[in-house]
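Some notes on the structure that comes next.
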Amino acid sequence: DSWSVANGLAIWLPTWATHDWKIHSKEVWGKELWQDIWAFAQQARVTVFHIDARCGADTLEQWYNSITDGQAKISQVVVEDPHHEQQMGLAKWAHQKCSHLGEKATYRWAQDRRIVINSDIIKMVIAQCPICQHTQQRTVPHIVRGQLNRGKLPGQIWQMDYIGPLCPHMSYGPLGDAITLGRYLKKD
């Protein structure tokens, strides 16, 4: 906006220059850039024009507007942050150390060891982890726990797909486990 540019050149830059490039005791962001603009404005004649966006296509104002639009480009500034790379490395290491158990487990593992890792970075690492991508594709079977129900039809046979210790809340010791299994498998 031309008003903002004119206001910045006429009011803000001189004010910042007199206050040693600070606003309320905080340094102006991009101080070096503003100092360069101020030095250029001191040496050259700067003219700010207002151009109406609704002007005709064949006017001089439209020509100036098209040249200005061509010179002004919006681009994304990519700042490489070495701290971000360190965080990514720490998050990968923590994720491997906690056996790929997920975001909460990785965060908790790092927290227990007083390692500060951002949860957003942990999410990025998990999203890029090939092992986690592979395991997420498989569905985990639902483990049924509790009592075995009696058959609904006479002479119904139950099939036991798992032989081993019962769940801790059902265990009565080795002899008790055998008796419990016998009761479950007993036919009436």
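Per UniProt numbering, numbering through the sequence shown is continuous, rising by one, with the last residue being 188. Here a beta-carbon is modelled for each residue, glycine too, at the ideal position from N, C-alpha and C. Predicted model only: the values in this text are computed from it and were never measured.
Taking all protein chains shown into account, decide if residue i is buried (16 or more other Cβ within 10 angstroms of its Cβ) or exposed.
| i | result |
| --- | --- |
| Q42 | exposed |
| L13 | buried |
| T106 | buried |
| W29 | exposed |
| I23 | exposed |
| A94 | buried |
| A86 | Here residue 86 turns out to be Gln, not Ala, going by the sequence shown. Burial call: exposed. |
| residue 243 | This structure gives no information on residue 243, because the portion of the chain shown stretches from 1 to 188. |
| I115 | exposed |
| I67 | exposed |
| Q96 | exposed |
Output the distance between the C-alpha atoms of residue i and residue j, rounded to the nearest integer angstrom.
| i | j | result |
| --- | --- | --- |
| H83 | Q62 | 46 Å |
| A110 | K31 | 38 Å |
| L90 | P130 | 17 Å |
| N65 | F40 | 22 Å |
| D69 | W21 | 29 Å |
| L33 | I11 | 17 Å |
| E27 | A17 | 11 Å |
| W3 | A44 | 20 Å |
| A6 | T47 | 9 Å |
| L9 | S25 | 21 Å |
| C132 | R108 | 18 Å |
| K186 | Q136 | Below a pLDDT of 50, predicted positions are generally treated as unreliable, and K186, at 48, falls in that range; no measurement from the model is reported. |
Under a three-way DSSP split, which group does residue i fall into?
| i | result |
| --- | --- |
| I23 | strand |
| G8 | helix |
| T106 | helix |
| I67 | helix |
| H100 | coil |
| I126 | helix |
| I121 | helix |
| T135 | helix |
| W29 | coil |
| A44 | coil |
| D36 | helix |
Please tell me whether residue i has its Cβ less than 8 Å away from any Cβ of chain B.
| i | result |
| --- | --- |
| T18 | The structure shown contains no chain B; it holds only a single protein chain. |
- Message: Closer than 8 Å is the cut-off here; do at least three beta carbon pairs connect the segment 122-130 with the segment 95-106?
- Response: yes
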